[in-house]
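Numbering (my numbering), first residue to last: 8 to 470. Yeah, the Cβ is synthetic: ideal placement off N, Cα and C, and Gly gets one too. If you're wondering where the values come from, they're calculated on a predicted model, not measured in any experiment.
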């Protein structure tokens with residue numbers, strides 16, 4: 008069973024066997040003039056340059072921190088940077104093509120990059136702060152530029168942490184601590200670490216999705232027995248999670264939304280949960296949920312123990328559902344499993360790209376979509392749109408559709424890994440949630456990766 012990446016990071020960082028920290032003057036205790044020794048101030052134009060200094064009144068540890076302060080321009084952009092050697096990655100000739108998969112680009116050594124910063128109230132960490140690393144070869148040529156954006160808060164300080172594989176031929180690294188687009192305020196930096204780590208970035212999971220419904224006429228009880236058997240079969244085939252369709256308690260039964268609506272947890276989650284527990288897998292399933300006088304089109308997540316681990320209420324309702332008395336949800340939660348973080352959307356939600364995008368920004372690595380059908384246009388739109396959702400957000404996208412037009416499992420590059428086509432039943436695919444793809448000249452003059460660039464370069468405040 009694969010563990011969370013952040014758990015691995017915590018174990019590595021807290022281990023007494025930590026390897027050597029490669030960052031020079033990592034706590035900014037040594038000054039050279041007004042700057043920390045070994046660090047340089049950088050900015051594109053003096054008129055938008057911030058002020059750089061060390062500060063002996065604020066520190067995470069030791070006596071000093073590095074400080075960057077805006078001087079009044081909302082176009083403020085500047086950073087402290089340092090470069091160092093000591094990276095070990097393995098060497099090989101990188102093919103001279105624009106797009107490279109991780110196996111053609113990355114070496115076998117991994118590094119943890121971590122540190123702390125705190126901001127004054129005028130500075131927004133999500134908008135105004137960036138931590139950028141660039142891997143360098145032995146001649147200081149740029150190989151890959153990445154952001155470190157996994158951030159938690161500890162006692163007033165923000166801690167950033169990233170586990171990254173060094174590219175082939177990497178021998179050094181450049182780190183930039185950036186303040187951008189803040190008209191006023193300051194950021195303090197302290198305790199930076201770059202250390203070799205033994206952890207693996209491979210995270211494999213077997214995904215299953217269904218394309219089947221019970222014969223008409225049916226009952227809710229028959230439907231649940233039908234899908235419980237499918238859960239059992241998928242578990243026996245090695246699935247870690249299976250996605251079932253939308254509103255599984257109403258298909259082939261003739262029941263209305265209100266007839267089928269029930270609480271969560273409730274009878275349906277109990278029956279499906281028993282099947283999930285016996286099979287030892289996660290289950291995503293669409294049902295109709297009642298809460299007081301409100302009825303929602305809901306996707307539930309059941310864990311390997313059969314317990315309700317999460318639910319998502321459909322936010323975009325077609326008029327048939329509005330007039331049928333359903334109420335829309337209004338949030339985009341994501342849920343941590345033992346293999347990664349997932350999000351869910353339902354049918355008509357997929358017509359609106361913002362749903363998948365918000366789930367991704369909230370941390371989803373796989374998006375599951377129970378969907379009754381997509382009958383737009385010439386009927387080629389379904390797979391095109393589903394692939395676009397995966398590509399736009401660099402996530403795995405898995406859909407369970409009733410129609411014989413394709414329940415799909417799609418990778419972050421938009422490749423359809425499995426497609427039920429015109430067949431009933433379910434499909435499985437073993438995927439690596441750690442897969443990466445690198446593009447030359449994507450935002451940087453070196454290689455870049457959309458999965459890591461997008462969350463840092465998107466500007467939702469303008470939309």
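Anticipated Cβ contact below 8 Å, residue i with residue j, distance rounded
i	j	result
residue 145	residue 178	4 Å
residue 350	residue 374	5 Å
residue 257	residue 307	Not really, about 15 Å apart at Cβ, beyond 8 Å.
residue 190	residue 79	6 Å
residue 313	residue 252	About 20 Å separates the two Cβ atoms, so there is no contact after all.
residue 199	residue 30	5 Å
residue 305	residue 295	7 Å
residue 446	residue 105	6 Å
residue 119	residue 194	In fact, because the Cβ distance is near 22 Å, the residues do not count as touching under 8 Å.
residue 27	residue 202	7 Å
residue 389	residue 413	7 Å
residue 346	residue 210	6 Å
residue 77	residue 242	Going by Cβ atoms, the distance from residue 77 to residue 242 rounds to 55 Å, so no, they are not a contact pair.
residue 239	residue 204	Going by Cβ atoms, the distance from residue 239 to residue 204 rounds to 39 Å, so no, they are not a contact pair.
Alpha-carbon to alpha-carbon, residue j and residue i
i	j	result
residue 40	residue 363	49 Å
residue 164	residue 60	19 Å
residue 16	residue 309	Since pLDDT at residue 16 reaches only 44, below the 50 mark, its modelled position is unreliable, and no value is offered.
residue 115	residue 337	43 Å
residue 342	residue 393	21 Å
residue 440	residue 71	39 Å
residue 443	residue 435	21 Å
residue 208	residue 90	25 Å
residue 321	residue 334	9 Å
residue 73	residue 353	47 Å
residue 168	residue 154	10 Å
residue 99	residue 402	29 Å
residue 18	residue 457	With a pLDDT of 41 at residue 18, under the threshold of 50, the modelled position of this residue cannot be trusted, and the question is left open.
residue 283	residue 220	19 Å
residue 260	residue 326	21 Å
residue 160	residue 126	12 Å
residue 34	residue 54	29 Å
residue 234	residue 250	10 Å
residue 206	residue 96	14 Å
residue 358	residue 469	22 Å
Of the residues the options, the one placed nearest residue i, counting alpha carbons only
i	options	result
residue 111	397, 174, 216 and 151	174
residue 348	317, 205, 331 and 378	317
residue 236	432, 463, 456 and 31	432
residue 170	131, 216 and 117	117
residue 406	371, 291 and 460	291
residue 67	105, 85 and 123	123
residue 463	370, 47 and 219	370
residue 425	243, 216, 232 and 233	216
residue 271	83, 302, 141 and 245	302
residue 267	149, 326, 231 and 183	231
residue 328	254, 280 and 279	254
residue 150	204, 75, 103 and 269	103
residue 466	133, 180, 234 and 196	133
residue 398	461, 408 and 206	461
residue 214	197, 244 and 186	244
residue 453	356, 152, 311 and 299	152
residue 92	82, 148, 449 and 109	148
residue 415	83, 246, 46 and 376	376
residue 172	94, 339, 298 and 44	94
Reduced DSSP category for residue i - H, G, I as helix; E, B as strand; rest coil
i	result
residue 442	coil
residue 281	helix
residue 51	coil
residue 374	strand
residue 56	coil
residue 387	coil
residue 476	Because the chain is modelled from 8 through 470, residue 476 falls outside the range shown and cannot be assessed.
residue 323	coil
residue 22	Low per-residue confidence applies at residue 22: pLDDT is 45, beneath 50, and the placement is therefore not dependable, though the value from the model is reported in the following sentence. In the structure shown, residue 22 sits in coil (DSSP, three-state: anything other than H, G, I, E or B).
residue 398	helix
residue 144	coil
residue 275	helix
residue 355	helix
residue 364	helix
residue 28	coil
residue 193	strand
residue 431	coil
residue 467	helix
residue 157	strand
residue 76	strand
residue 453	coil
residue 124	strand
Cutoff 8 Å: residue i Cβ touching any chain B Cβ
i	result
residue 313	Looking for chain B here will not work: only one protein chain is present.
In chain order, which alpha helix (DSSP H) runs of at least 4 residues are fully inside the stretch 197-273?
227-243 and 264-267
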